[in-house]
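Have a look at the structure below before the remarks.
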Amino acid sequence: MEMISTKKSNLLTVEEKNNVLHKMTLCIEQAREELLAINQQEMEAYDANDKAMYDRLKVDDAKVDGMIKAVQEVGAKSDPIGKERYHFTNENGMEVKNVTAPFGTVLIIYESRPDVTIEAAAIAFKSGNKILLKGGKESRASNLKLVNCWHQALTSCGLSVDWIQYLDLQREQTQAFLKNPNQAIDLIVPRGGEKLIDFVKAYAKCPVLVSGRGNNFLYVHEYADLDMAKAIIANAKLSKISACNALDKVLVNKNLPNYVDFIQQTIHLLKEKNTVEIVAEEQIASVIESVELLQDEQIWYEEFLDYKIVFGLVDSEEEAVEKINQYSGGHSATIVTSNKEVADYFMTNVDAAAVYHNASTRFTDGGAFGMGAELAISTEKMHHRGPLGLEQLVSNKWYIYGNGQTR
Numbered sequence: 534m535e536m537i538s539t540k541k542s543n544l545l546t547v548e549e550k551n552n553v554l555h556k557m558t559l560c561i562e563q564a565r566e567e568l569l570a571i572n573q574q575e576m577e578a579y580d581a582n583d584k585a586m587y588d589r590l591k592v593d594d595a596k597v598d599g600m601i602k603a604v605q606e607v608g609a610k611s612d613p614i615g616k617e618r619y620h621f622t623n624e625n626g627m628e629v630k631n632v633t634a635p636f637g638t639v640l641i642i643y644e645s646r647p648d649v650t651i652e653a654a655a656i657a658f659k660s661g662n663k664i665l666l667k668g669g670k671e672s673r674a675s676n677l678k679l680v681n682c683w684h685q686a687l688t689s690c691g692l693s694v695d696w697i698q699y700l701d702l703q704r705e706q707t708q709a710f711l712k713n714p715n716q717a718i719d720l721i722v723p724r725g726g727e728k729l730i731d732f733v734k735a736y737a738k739c740p741v742l743v744s745g746r747g748n749n750f751l752y753v754h755e756y757a758d759l760d761m762a763k764a765i766i767a768n769a770k771l772s773k774i775s776a777c778n779a780l781d782k783v784l785v786n787k788n789l790p791n792y793v794d795f796i797q798q799t800i801h802l803l804k805e806k807n808t809v810e811i812v813a814e815e816q817i818a819s820v821i822e823s824v825e826l827l828q829d830e831q832i833w834y835e836e837f838l839d840y841k842i843v844f845g846l847v848d849s850e851e852e853a854v855e856k857i858n859q860y861s862g863g864h865s866a867t868i869v870t871s872n873k874e875v876a877d878y879f880m881t882n883v884d885a886a887a888v889y890h891n892a893s894t895r896f897t898d899g900g901a902f903g904m905g906a907e908l909a910i911s912t913e914k915m916h917h918r919g920p921l922g923l924e925q926l927v928s929n930k931w932y933i934y935g936n937g938q939t940r
């Protein structure tokens, strides 16, 4: 007689998850005006001189539209849980399968950026995970309002608010929580600057997936389209300084004909568009006015998140690759050249999550890569590198079906 189980799975169905996501888009729209007013108060209260943080904190109508779109994109994606990755039949008759499964509980700690409260939670929830959100104090009120929207969406669909929780903790309380959490945590994602990342790594007792540090490089090869190079540099540096995919360093091949003229024209373009601080090695600074001399080699390690850029010279693509691998954050790097062989060498040997040929580093994100919303951009190599979207926020599990086999 066949046994029929009446036990309900701990996993939500894709219909249950998508119902919550649909309700969430409605809740965000209903909360739009109140959210804008709350955020405006936070913007007025923010008095630190950090342009990147200020930009990340801001919520306007375009940001709200982006939040709604992100949730809709996640809802439209197929369920990433339960997908078969591998299937093998052992010679003894056992069926062996590897299937995607949730991590369990994910904690994301982030600076400012109320939109992360939406994108991160949507991705984590759709991929079957509980998520704990810990935003910065500067965006506390905006984040709490958005989490309240999540809770409305969950309860209206008959689900527990435990799926999406906000840790309303001060720094010391967060430290204590990381050292001794009151619930099991399977993965922590710190999304922000090096201080935040170091803080989390120092106290976390579970795996940490690092996200946030850029310090991205661009290499101008001797056979580069110079108008293209100038346009890419201007876009990568100026279009959004608060983004981790923004450009900080430019390396120019000394064999580029009239490289001084090219650098001078590029600097003029940057200064024409914005007030950019230009730092350069002596060979450049000595012949171009209004350029600050590079005096400390440690600057090559720095991520600026500001209107600041460094120019340097190299003799070859080998030297460019060596310098990038030594100093960059392992996020994004690009080469501008008409020589495909050189581009292939550069892209193969640069140790970064995303490598480009004749394109801006600003494209490193889930949307531009066809993944939709992203939880973060990982610069780690385990378990995933680059934009962390719906398909990447999963683990896996082995299912073995036998009929009495022993070993």
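The numbering used here applies: residue 534 is where the sequence shown begins, and numbers increase by one.
Every residue gets a Cβ at the ideal spot worked out from N, C-alpha and C, and that includes glycine.
Unbroken alpha helix (DSSP H) run spanning residue i, endpoints
i      : result
Pro985 : Outside the displayed range of the chain (534 to 940) lies residue 985, so it cannot be described from this structure.
Thr688 : Arg673 to Ser689
Gln831 : Careful: Gln831 lies outside any alpha helix (DSSP H) and carries neither H nor E.
Glu575 : Val547 to Ala578
Leu802 : Tyr792 to Lys806
Ala963 : This structure gives no information on residue 963, because the portion of the chain shown stretches from 534 to 940.
Rounded separation between residue i and residue j - CA only
i      : j      : result
Lys930 : Glu628 : 14 angstroms
Gly937 : Ala654 : 43 angstroms
Arg940 : Ala634 : 27 angstroms
Gly626 : Gly935 : 7 angstroms
Tyr878 : Ala674 : 48 angstroms
Ala570 : Arg646 : 16 angstroms
Tyr752 : Val639 : 37 angstroms
Asn676 : Glu836 : 26 angstroms
Tyr834 : Gly668 : 26 angstroms
Lys873 : Asn891 : 10 angstroms
Lys804 : Asn786 : 22 angstroms
Met904 : Val547 : 18 angstroms
Lys630 : His620 : 5 angstroms
Lys738 : Leu771 : 38 angstroms
Gly637 : Gly691 : 20 angstroms
Leu545 : Gln698 : 17 angstroms
Ile721 : His684 : 22 angstroms
Leu780 : Glu624 : 54 angstroms
Asp598 : Lys550 : 21 angstroms
Val875 : Ser893 : 18 angstroms
Leu711 : Ser849 : 46 angstroms
Ile718 : Ile664 : 9 angstroms
Met761 : Ile656 : 36 angstroms
Asp594 : Ala564 : 12 angstroms
Glu755 : Ala853 : 12 angstroms
Tyr736 : Val824 : 41 angstroms
Thr897 : Gln573 : 29 angstroms
Ala709 : Glu671 : 21 angstroms
Lys602 : Ala901 : 14 angstroms
Residue interval of the beta strand (DSSP E) (run including residue i)
i      : result
Leu666 : Lys663 to Lys667
Lys841 : Lys841 to Val847
Tyr934 : Ser928 to Tyr934
Ala909 : Ala909 to Ser911
Ile697 : Ile697 to Tyr699
Gly919 : Gly919 to Leu921
Beta-carbon contacts of residue i that lie in its chain and below 8 angstroms, excluding the five residues immediately before and after
i      : result
Val793 : Ile817, Val820 and Ile821
Ala585 : Ile774, Ser775, Leu838 and Asp839
Asp588 : Lys773, Ile774 and Ser775
6 angstroms CB neighbourhood of residue i in its chain, flanking five on each side removed
i      : result
Gly845 : Leu784 and Glu814
Leu568 : Lys678
Lys763 : Thr799 and Leu802
Distance cut-off 7 angstroms: residue i Cβ against heavy atoms of the ligand ADP
i      : result
Leu720 : Summarising the ligand content, the structure contains no ligands, and the ligand ADP is consequently not present.
Sequence-distant residues of the same chain with beta carbon closer than 7 angstroms to residue i, five excluded per side
i      : result
Thr600 : Going by the sequence as given, residue 600 is Met instead of Thr. Excluding residues within five positions, the ones whose Cβ falls inside 7 angstroms are Ile561, Asp648 and Ile651.
Lys616 : Val632 and Thr633
Ala885 : Ser861, Gly863, His864, Ser865 and Ala866
Contact belief for residue i with residue j at Cβ below 8 angstroms, rounded distance in angstroms
i      : j      : result
Ser861 : Ser744 : So it is not a contact: roughly 15 angstroms between Cβ atoms.
Leu827 : Val812 : 5 angstroms
Thr558 : Val604 : 5 angstroms
Tyr932 : Val632 : 6 angstroms
Leu502 : Lys556 : Lying outside 534 to 940, the shown extent of the chain, residue 502 is not represented and no answer is given.
Val553 : Leu666 : Contact doesn't hold; Cβ gap of about 16 angstroms is too wide.
Asn713 : Asn749 : Not really, about 37 angstroms apart at Cβ, beyond 8 angstroms.
Ala909 : Leu921 : 5 angstroms
Leu802 : Ala767 : 5 angstroms
is_contact[residue i, chain C] using C-beta, thresh 8 angstroms
i      : result
Tyr752 : Given the protein chain composition of this structure (a single chain), no chain C is represented.
With a floor of 4 residues, list each alpha helix (DSSP H) that falls wholly inside the stretch 707 to 784, ordered by position along the chain. Fully enclosed alpha helix (DSSP H) runs of 4 or longer: 727 to 736 and 759 to 771.
Pick out the complete beta strand (DSSP E) segments inside the stretch 569 to 644, 3 residues or longer, and give them in chain order. Listed in chain order, they are 617 to 622, 628 to 634 and 638 to 643.
Enumerate, from N- to C-terminal direction, the unbroken beta strand (DSSP E) stretches of 3 or more residues contained entirely within the stretch 847 to 886. Counting only runs of 3 or more, we get 865 to 869.
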